[in-house]
Amino acid sequence: METRELRYFVAVAEELHFGRAAQRLGIAQPPLSRAIRQLERRLGVTLLERTSRSVTLTEAGSVLLREGRAALDAVDAADRRTRRAALAATGHPGLVLVTKAGASSELLSKLLDAYAAEPGAVAVDVLLCGPAEQERLLRDGRADVALLHRPFDSTVGFDTEELRTEGQVVALPAGHPLTGRAHLRMADVTALPGLPLPRWPRPDGTYPDGPGPAVRDHVQLLQLIALGRASAVLPESVWAHLGRDVATVPVLDAPTVTTVIAWPPHSRSRALAGLVRAATRL
Numbered sequence: 054m055e056t057r058e059l060r061y062f063v064a065v066a067e068e069l070h071f072g073r074a075a076q077r078l079g080i081a082q083p084p085l086s087r088a089i090r091q092l093e094r095r096l097g098v099t100l101l102e103r104t105s106r107s108v109t110l111t112e113a114g115s116v117l118l119r120e121g122r123a124a125l126d127a128v129d130a131a132d133r134r135t136r137r138a139a140l141a142a143t144g145h146p147g148l149v150l151v152t153k154a155g156a157s158s159e160l161l162s163k164l165l166d167a168y169a170a171e172p173g174a175v176a177v178d179v180l181l182c183g184p185a186e187q188e189r190l191l192r193d194g195r196a197d198v199a200l201l202h203r204p205f206d207s208t209v210g211f212d213t214e215e216l217r218t219e220g221q222v223v224a225l226p227a228g229h230p231l232t233g234r235a236h237l238r239m240a241d242v243t244a245l246p247g248l249p250l251p252r253w254p255r256p257d258g259t260y261p262d263g264p265g266p267a268v269r270d271h272v273q274l275l276q277l278i279a280l281g282r283a284s285a286v287l288p289e290s291v292w293a294h295l296g297r298d299v300a301t302v303p304v305l306d307a308p309t310v311t312t313v314i315a316w317p318p319h320s321r322s323r324a325l326a327g328l329v330r331a332a333t334r335l
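Its first residue numbered 54, the sequence shown is counted upward by one per residue in my numbering.
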């Protein structure tokens, strides 16, 4: 298969409409239809069921959509990493580190200071993102290295070093009756009246169903907590970002959170190796 064919198929499979897919690709509809038919003939399978009113994916088409997305992501990542390697070879070295906004800020600050003191250190651009985005940015080549947090982020396919493991606390409005408790359990947290847990976006940008507010980042979340509209279970290190309007109580049975530094296993960057060494020494 050619990458062009894969891009054509993914566009049709996502739009489920040849006209919209052609418009998205910037081509006419007839050559798009011919390309899909040619791909089906070469594979010997039916990828799309077509009627005069609708287009639906077959089981084989669903598999190719999933695999095709991954293949195209890998091609795009190879493109970005190759271009960045060329820049480094011509005297413009640098690293892009991605991390979730509002998470591990103290650790990140120490890491950047420690690495800057290393011989041969290069410039590090820090890319702050929303929840669940740093893993995708690392996989698609827009970042060289990431701070990820298990169990919330997947580290499958990456090389990693563990940096810190911590417990979790529940963040509550200051003055809430439970802020005087020495500790709580998850059952106590989920039963809090009027303080539902937030709903974070999925990788596709949609939100799960539930009574809690839909939030985009920690700044928005902490403001909602201070206003008495939500509560949240967060890593202990969140205290560094709290104002006087939010208090925390340890949650004994919440899963621990492990912060890791992660990078693609095929990387041969000396600058990245130096950053990882600095991280593991902290």
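Just so you know, even glycine gets a beta-carbon here, dropped at the ideal spot from N, CA and C.
Please state whether DSSP places W253 in a helix, a strand or coil.
-> Coil, per DSSP.
H236 - DSSP class collapsed to helix/strand/coil | Here DSSP, grouped into helix, strand and coil, assigns H236 to coil.
Beta-bridge pairing of D8 - partner residues as DSSP gives them | In the structure displayed, the chain extends from 54 to 335; residue 8 sits before or after that span and is not available.
Distance CB(L248)-CB(V302) smaller than 8 angstroms = Note that the C-beta distance between L248 and V302 is not below 8 angstroms.
Three-pair Cβ contact test at 8 angstroms for the region 283–297 versus the region 129–138 = Touching, no, given that fewer than three Cβ pairs across the two stretches are closer than 8 angstroms.
To which residues of the same chain is A64 closer than 7 angstroms at the C-beta, ignoring the five residues directly before and after it?
-> In the same chain as A64, and ignoring 5 residues on each side of it, the C-beta atoms closer than 7 angstroms to its own belong to A74, R77, L78, in chain order.
Would you list, in sequence order, the uninterrupted beta strand (DSSP E) runs of no fewer than 3 residues that lie entirely inside the region 74–120?
-> If one requires a minimum length of 3 residues, the beta strand (DSSP E) runs lying completely within the region 74–120 are 101–103, 108–110, in chain order.
Option in A199, P254, F71, L190 with minimal Cα separation from L85 = A check of alpha carbon separations from L85 across A199, P254, F71, L190 identifies F71 as the nearest.
Compare the Cα-Cα distances from G281 to each of L161, P230, E215 and report the closest residue.
-> Cα-wise, what sits closest to G281 is P230.
Quick one: Cα of T56 to Cα of L96, how far?
-> Looking at the backbone, the Cα of T56 and that of L96 are separated by about 15 angstroms.
For T264, which of helix, strand or coil comes out of DSSP?
-> Sequence inspection shows Pro at residue 264; the Thr mentioned does not correspond to that position. Judged by DSSP in its simplified three-state form, P264 adopts coil rather than helix or strand.
Cβ of D197 within 8 angstroms of Cβ of S105?
-> Result no, Cβ atoms of D197 and S105 do not sit closer than 8 angstroms.
Count the other C-beta atoms from every protein chain shown that fall within 10 angstroms of the C-beta of Q187, then say buried if there are 16 or more, exposed otherwise.
-> Q187 comes out buried.
Excluding sequence positions up to five away, which residues of its chain have a Cβ less than 7 angstroms from the Cβ of P204?
-> Excluding sequence neighbours, P204 sits near P308.
Go ahead and label S284 buried or exposed: buried means 16 or more other beta carbons lie within 10 angstroms of its beta carbon, across all protein chains shown.
-> Classification of S284: buried, given that the 10 Å Cβ count is 16 or more.
Measure the C-alpha to C-alpha separation of V149 and V177 and round it to an integer number of angstroms.
-> Each residue's alpha carbon lies about 6 angstroms from the other.
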